[in-house]
Amino acid sequence: MKPHALQRQADLCLKFPSGELEVRNALCALTTRLREMALSADDVGSVELVLGEVLNNIVEHAYGAGGQGEIEILVKRAAHVLRFRVIDEGGALPNSALPEGRLPAMDGPLEAMPEGGFGWYLVRNLACDLDYRRADGRNELAFSICCEGQA
């Protein structure tokens with residue numbers, strides 16, 4: 760399906776340049792719009808966690824240091840689910856596949872505990888129907904988040 764057709768079907772569409780500040784601003788705008796859809800605070804929080812991880816990975820890894828590009832988020836609401844499509848023109852995921860999302864080892868001393876490595880674990884546990892595709896120099900990540908409904 761062409762991007763313009765996806766945009767017409769979306770209930771919400773955000774396009775913004777890659778960058779840490781831009782991601783923060785986009786997440787604020789998105790959470791405001793989701794609250795207007797009468798989603799619960801828990802649902803909005805789940806979306807914010809998942810998209811925060813996905814978008815920060817795009818900025819940090821797909822575009823990389825000094826990389827510039829655009830990110831697009833399309834959201835479609837169904838009865839008790841939000842369907843997302845995140846599109847960028849950065850580098851492909853390694854092996855053209857989503858990371859497994861395993862938790863890092865937590866069996867050592869406190870000072871040796873990892874500070875990172877939890878992102879894809881969170882994404883895989885809060886989202887479902889994850890699908891990654893690379894086509895025509897673009898990454899497309901689709902996923903769904905179940906929602907309770909009214910706030």
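Numbering (the working numbering), first residue to last: 760 to 910.
Where a beta carbon is used, it is the ideal one built from N, C-alpha and C, also for glycine.
query                                                                                                                                                                : result
Taking only heavy atoms of the ligand SAM into account, decide whether any of them is closer than 7 Å to the Cβ of L808.                                             : In terms of ligand content, the structure shown is empty, and the ligand SAM therefore cannot be addressed.
Just to confirm, are G826 and N898 a CB contact at a threshold of 8 Å?                                                                                               : no
Mind checking V840: buried by the 16 CB within 10 Å criterion, or exposed?                                                                                           : exposed
Since A917 sits in a beta bridge, which residues does DSSP pair it with?                                                                                             : What the structure shows of the chain is the stretch from 760 to 910, and residue 917 is not part of that stretch, so it cannot be assessed.
Look up A821 in the DSSP assignment and say whether it is helix, strand or coil.                                                                                     : helix
Assess, as a yes-or-no matter, whether the region 814-825 is touched by the region 776-784 under the definition of 3 or more beta carbon pairs within less than 8 Å. : yes
Rank D847, G823, G878, D890 by C-alpha distance to the C-alpha of G896 and give the top, closest one.                                                                : D847
The alpha helix (DSSP H) spanning L885 covers which residue range?                                                                                                   : 878-885
Alpha carbon to alpha carbon, what distance is there between L789 and A838?                                                                                          : 19 Å
At the level of alpha carbons, what is the spacing between L771 and A824?                                                                                            : 29 Å
Alpha carbons only, please: which of V834, L798, L852 is nearest the one belonging to A769?                                                                          : V834
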